[in-house]
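Engineer: Residue numbers (this note's numbering): 2 to 71.
The beta carbon of each residue, even a glycine, is placed where N, CA and C say it ideally should be.
From a predicted model like this one, the values you see are computed outputs, not experimental measurements.
1. Taking residue 45 and residue 37 to be in contact with their CB atoms under 8 Å, please state how far apart those CB atoms are, rounded to whole angstroms.
2. Go through its chain and collect everything with a Cβ distance to residue 8's Cβ below 6 Å, but skip five positions before and after it.
3. From which residue to which residue does the alpha helix (DSSP H) around residue 27 run?
4. With 16 as the cutoff for other CB atoms within 10 Å, does residue 13 come out buried or exposed?
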């Protein structure tokens, strides 16, 4: 079974994070993808998901959302 790339064709590297703004991968992860084993791709996807969740949390902080705001 082939694991689908997380690329969504928004290919811009964030200078602040070092991650692609579309898929949240690093340049080494992007270049490695086509030759990576399924196990490695699964590991990259787990890292990508953690980065997405962290970015979502950080974005909420930037918007000023706080626990207890009503």
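Structural biologist: To lay it out plainly:
1. Indexing the chain shown from 1 puts residue 45 at position 44. Indexing the chain shown from 1 puts residue 37 at position 36. Residue 45 to residue 37, Cβ: 7 Å. Contact.
2. Looking up residue 8 in the chain shown gives position 7. Excluding sequence neighbours, residue 8 sits near 24.
3. Start at 1 with the first residue of the chain shown, and residue 27 comes out as number 26. Careful: residue 27 lies outside any alpha helix (DSSP H) and carries neither H nor E.
4. Position 12 of the chain shown holds residue 13. Residue 13 comes out exposed.
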